[in-house]
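K.L.:
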Amino acid sequence: MRKPFARLVFVLILAAIPAVGLSAGAQAGALGPPSTGRVPAPTISPPDGAVVGVAMPITVTFGAPVTSRAAAESSITITASKPVTGTFTWPTDREVQWTPNGFWPAYTDVTVQAAGYRTEFEVGRSLVAVADVSNHQFTVSIDDVVVQVFPASMGKPGFETPYGTFPVLEKFRNLIMDSSTIGIPVNSPEGYRLNTDYAVRITWGGVFVHGAPWSVDSQGYANVSHGCINLSTSNAGWFYNNSTIGDPVVVT
């Protein structure tokens, strides 16, 4: 159930603009092709009504390349029921992401308006997973209480799991993992093509948390993967079933 906004909401960013979007003219032309004189219609993620994890970024994708990033950013207003600060990044010339500094507070209601378009979503409970490369452990906390500590195996030398904080991006009950997609020919000594269960993607470059029954003997003791976080099938199933898009996986 969605909770009502607090009496006082916090406008996180940015410049004050009419709720219907930017006016036509110089500002609009800076966002879209000058010949149109209109702001490119954006799409906003998370979508309306979504419930997401505490590391979820807000992504606004415009309908055409943006020629003035400052004007595009000033067309975005983010309002939350709990105070949050964050920063913009531009993955492409038509896509801007706003990421909270640290994490969203759990159980926060958020409204996003961009160039006259609007979406509302909810940040749910705080599930945070920590993958400890040195100790070979995968620890999951919910609302600051540790609920699971799983033995794990991360990337071996030459294929190290990247350090940092990564939000859950998508989930697959079954997934064929093919080394050629990350530049390793299947027929090479390090090549592979494996059917995996409970695959939870945390980077677009191919890092997943997934079931790996072939490495159970190494989980908790040694890092033997090609960069993914290996868990037993049952432990990976628990994480798959309990995680949601935007939950952070912190690799340390």
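Everything in the sequence shown is counted per numbering that gives the first Met the number 0, starting at 0 for the first residue and increasing by one. Glycine residues also receive a C-beta, built at the ideal position from the N, C-alpha and C atoms.
#1: Would you say V199 and A151 are within 9 Å of each other, going by their C-beta atoms?
#2: If you follow the beta strand (DSSP E) that R279 is in, where does it begin and where does it stop?
#3: Does N229 pass the burial test, meaning 16 or more other C-beta atoms within 10 Å, or should it be called exposed?
#4: With distances taken from CA atoms, which of T243, Y220, W103 and R192 is nearest F171?
#5: If you run the structure through DSSP and keep just helix, strand and coil, what is G236?
#6: Do you know offhand how far G20's Cα is from A113's?
#7: Compare the beta carbon distance of T118 and T107 with 9 Å and say whether it is the shorter of the two.
#8: Does S179 pass the burial test, meaning 16 or more other C-beta atoms within 10 Å, or should it be called exposed?
#9: Buried or exposed for I75, going by 16 or more other Cβ atoms inside 10 Å?
#10: DSSP state of A63, grouped into three classes?
#11: Tell whether a beta-carbon distance below 9 Å holds between Q147 and F238.
#12: Between the region 52-64 and the region 130-147, can you find at least three pairs of beta-carbon atoms closer than 8 Å?
#13: Count the other C-beta atoms from every protein chain shown that fall within 10 angstroms of the C-beta of N240, then say buried if there are 16 or more, exposed otherwise.
P.N.:
On the basis of the data shown:
#1: no
#2: Lying before the first or after the last residue shown, residue 279 is absent from the chain, which here runs from 0 to 251.
#3: buried
#4: T243
#5: helix
#6: Per-residue confidence for G20 stands at a pLDDT of 29, beneath the threshold of 50, marking its modelled position as unreliable; no derived number is given.
#7: no
#8: exposed
#9: buried
#10: coil
#11: yes
#12: no
#13: exposed
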